[in-house]
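Student: Below you will find the structure I want to go over with you.
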Amino acid sequence: MTVTRYWTCIYDYATWLEREPGLACWADKRQKLLSDLGPGDVIAPYIPRVGWVGLWTMTSPAERDPHRSPWNEDFPIVAAYEVELELEPTQALRTADIPSPDVNLRTEDGVGLPYPFMFQASGVELPDNVGSALASLLREWAASPATRELSSRQTDYSSRPERATTDLGTVSIPPGSDDSDELLLDDDESGAVQVTEHTRVQRQLLELGRELGFAPWLTPDDRSKQLDASTKLSDLPEVTSQLPSQFNEATNKTIRHIDVMWLDGSRIEAAFEVENSTSIYSGILRMADLLALQPNVDIPLYLVIPEGRQDKARYELTRPVFQAMQRPLSQRCRILTYDSLDSLVDLARQARGALKVDVIKNFAFRAEDGV
C-alpha cells in the first residue's frame, strides 16, 4: 500500500504572487528534498500571517536547477506539480477557521509540538496523520471558502533578504524580525488586540524619544501593529517615517529594520533593538551590520531586553566575531532592561521635558560592566 507523503512549501505574499505556476521552489538548505520528495507526494503551500492556500500533487522529483526558479539561487531546489486546489490569499484557510485545536493536526501519539510549529519552515515533511487531516480540511474549506480582506501586516511581511552594493561588495540585508517568540501564523479574526511585550516596549521608546525632544522613528516592519482596536504604533504623536539622508543604500536598508530610533534632523541620537526572543541575537546582528557598513559613525546603540537576560546579552555582545570589529560592538552598544526602561519613563514624566538624552546611560550598562 502506497502512503502519501505531505510536505510544506512556504511563501510570503509577494513570492506567492511572483511564483511560476506548476513549479514549487525551496532554499538550498532543503537538500533532503532532492532524495526524498517524489511524484505523488502532496505539497500544502502556506503564507505566514495569511493561511493555507492550496494542495499540489508532485509530478517530478526535486532537483537543483536555479535557472528554472524565478528567484534563482535564493530558492534553487525545484519540482513540478499539478494543482489539486488553490485558493486566493483572501480565501486562505486560517488557523481561526479550524474548528478545534484537536483536529489531529499533531503527532499521532499526541507528543511533541502543537501543529502550528510544523508550518514554520518550508520543505518540512508532515506526519502522515497531520498531512491527511490538513488535506481534508482544505478540501472541505475550498468547497465554500470565505473571502476576507488582507491587512498590510499580512501582505508586507517578507522573509527574503534584500541585497545592496557597497564598498564591501554586494551584501545581503536580513529582513526585519517579528516579535521573535511569536509564531508567524495567520492573523486571528477574534477581534481582540493582543499587545505583546515587544510592542509595549516599542511604544515606551517612541513616547520617551518624543518626551526628550526627538523625532521618534519606527521601523516599517512594525508600523501596522495595533495598540488597541483603533490605534497603530505609527499613529502615536510625531512618529516619523523619514530616514536620515546621509547614508548609502545598504546602510539605509539596514537602518530601516532597526526597531526604534530617535532623530534630531539628519542625526541619529539613539537606536534601539528590542529583543524579546530566546536568542536575543537578530537585533545584535543588525547593529553589527550597521557598524560594519558605517564604522566611523558614532551612533549610541541600545539592546533592550527582559529582566533576567543580562548574562545572555553580555555573552552575545562579547562573542569573538563582534570583539574583532574595528571598535568592538560591546563598546558601542549598551544594555537596557525592561525594568530600567520603566524607571526611565517614570523619571521623564516627572521631569516634564527637563531631561537630557545622556540620562539614559545612567539606566543602561555595557557588557563589561560589573563582570
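As numbered in the numbering used here, residues 5 to 375 make up the sequence shown, in order.
Heads up, the beta-carbon is just placed ideally off N, CA and C, and yes, glycines get one too.
Out of curiosity, what's the CA-to-CA distance linking A83 and N256?
Tutor: On the sequence shown, position 79 is the one that residue 83 refers to. On the sequence shown, position 252 is the one that residue 256 refers to. Approximately 36 Å between the Cα atoms of the pair.
Student: Am I right that L305 and C337 are in contact with their C-beta atoms under 8 Å? What's the rounded C-beta distance?
Tutor: Translated into positions along the sequence shown, residue 305 becomes position 301. Translated into positions along the sequence shown, residue 337 becomes position 333. Sure, about 4 Å apart at Cβ, within 8 Å.
Student: So, is K229 buried or exposed, given that buried needs 16 or more other C-beta atoms within 10 angstroms?
Tutor: Here residue 229 is taken as the residue at index 225 of the sequence shown, counted from 1. K229 is buried by the Cβ-count criterion.
Student: Please confirm whether D302 and V278 have their CB atoms less than 8 Å apart.
Tutor: The sequence position of residue 302 within the sequence shown is 298, counting from 1. The sequence position of residue 278 within the sequence shown is 274, counting from 1. Cβ atoms of D302 and V278: not closer than 8 Å.
Student: What does the Cβ neighbour count give for H71, buried or exposed, with the cut at 16 atoms within 10 Å?
Tutor: For this step, residue 71 is matched to residue 67 along the sequence shown. The residue is exposed, with fewer than 16 neighbouring Cβ atoms inside 10 Å.
Student: Name the DSSP beta bridge partners of G58, please?
Tutor: Position 54 of the sequence shown, counted from the start, is the residue given in the question as residue 58. DSSP, once it has assigned bridges, lists E90 as partnering G58.
Student: Please list, in chain order, all residues of the same chain as G55 whose beta carbon is under 6 Å from its beta carbon, the five residues on each side excluded.
Tutor: Locating residue 55 in the sequence shown gives position 51, where the first residue counts as 1. Counting only Cβ-Cβ distances below 6 Å, and skipping sequence neighbours, we find A96, L97, R98 and D190.
Student: Is L231 helix, strand or coil when you go by DSSP?
Tutor: Working through the sequence shown from its first residue, we reach residue 231 at position 227. Strand, per DSSP.
Student: Whole angstroms are fine: how far does the CA of I339 sit from the CA of Q354?
Tutor: Position 350 of the sequence shown, counted from the first residue, corresponds to residue 354. Position 335 of the sequence shown, counted from the first residue, corresponds to residue 339. Each residue's Cα considered, the two are about 23 Å apart.
Student: Please work out which residues of its chain come closer than 7 Å, Cβ to Cβ, to E320, disregarding the five sequence neighbours upstream and downstream, and give them in chain order.
Tutor: On the sequence shown, position 316 is the one that residue 320 refers to. Correct list, in chain order: I284, Y285 and I288.
Student: Measuring alpha carbon to alpha carbon, tell me which of Q35, D362, P131 and W145 ends up nearest G217.
Tutor: Looking up residue 217 in the sequence shown gives position 213. Looking at the Cα atoms, D362 is the closest of the given residues.
Student: If you compare alpha carbons, which of Q158, L231 and S39 is closest to P52?
Tutor: One-based indexing of the sequence shown puts residue 52 at position 48. When each option's Cα is compared against that of P52, the closest is Q158.
Student: With distances taken Cα to Cα, identify the nearest neighbour of V87 among Y50, G26 and A328.
Tutor: In the sequence shown, residue 87 corresponds to position 83, counting from 1. It is G26 whose Cα lies nearest to the Cα of V87.
Student: Using a Cβ-based criterion (distance less than 7 Å to any ligand heavy atom), does L237 qualify as near the ligand SAM?
Tutor: In terms of ligand content, the structure shown is empty, and the ligand SAM therefore cannot be addressed.
Student: How many Å lie between F367 and S347 at the Cα?
Tutor: In the sequence shown, the residue the question calls residue 367 occupies position 363. In the sequence shown, the residue the question calls residue 347 occupies position 343. Rounded to whole angstroms, F367 to S347 spans 8 Å at the Cα level.
Student: By Cβ distance below 8 Å, which residues in the same chain neighbour S270 in space, the five residues on each side in sequence not counted?
Tutor: What you label residue 270 is simply residue 266 of the sequence shown in a count that begins at 1. P248, S249 and Q250, listed in sequence order.
Student: In the structure shown, what three-state DSSP assignment does Y285 receive?
Tutor: By one-based count along the sequence shown, residue 285 stands at place 281. Note: Y285 maps to coil in three-state DSSP.
Student: Compare the C-alpha of S140 against each of A48, W75, L21 and A150 and name the closest.
Tutor: The residue given as residue 140 occupies position 136 in the sequence shown. Comparing Cα positions, the closest option is A48.
Student: Name the DSSP bridge partner or partners of L41?
Tutor: Start at 1 with the first residue of the sequence shown, and residue 41 comes out as number 37. None; L41 has no bridge partner.
Student: How is L359 classed by DSSP in three states: helix, strand or coil?
Tutor: Locating residue 359 in the sequence shown gives position 355, counting from the first residue. L359: coil per DSSP, three-state reduction.
Student: According to DSSP, is K33 part of a helix, a strand, or is it coil?
Tutor: Taking the first residue of the sequence shown as 1, we reach residue 33 at position 29. Coil at K33, not helix or strand.
Student: Which residues in the same chain have their Cβ closer than 6 Å to the Cβ of F276, if we skip the five residues on either side of it in sequence?
Tutor: For the purposes of this step, residue 276 is taken as residue 272 along the sequence shown, with counting starting at 1. Result list for F276: L209, D263, V264, Y306 and V308, in chain order.
Student: For I252, does the count of other Cβ atoms within 10 angstroms reach 16, so buried, or fall short, so exposed?
Tutor: By 1-based counting over the sequence shown, the position of residue 252 is 248. Note that residue 252 is Asn in the sequence shown here, rather than Ile. Classification of N252: exposed, given that the 10 Å Cβ count is below 16.
Student: For R34 versus I81, is the C-beta spacing smaller than 8 Å?
Tutor: The sequence position of residue 34 within the sequence shown is 30, counting from 1. The sequence position of residue 81 within the sequence shown is 77, counting from 1. Contact flag set, yes.
Student: Three-state secondary structure (DSSP) at W145?
Tutor: Counted from its first residue, the sequence shown places residue 145 at position 141. Note: W145 maps to helix in three-state DSSP.
Student: Look up L267 in the DSSP assignment and give the residues it is bridged to.
Tutor: If you number the sequence shown from 1, residue 267 lands on position 263. Its beta-bridge partners are A219 and I272.
Student: Mark S73 as exposed unless 16 or more other C-beta atoms lie within 10 angstroms of its C-beta, in which case mark it buried.
Tutor: Locating residue 73 in the sequence shown gives position 69, where the first residue counts as 1. Buried, because 16 or more other Cβ atoms sit within 10 Å of the Cβ of S73.
Student: Helix, strand or coil for T174 per DSSP?
Tutor: Indexing the sequence shown from 1 puts residue 174 at position 170. Confidence at T174 is low in this model, with a pLDDT of 49, below 50, so its placement is unreliable and no value can be given for it.
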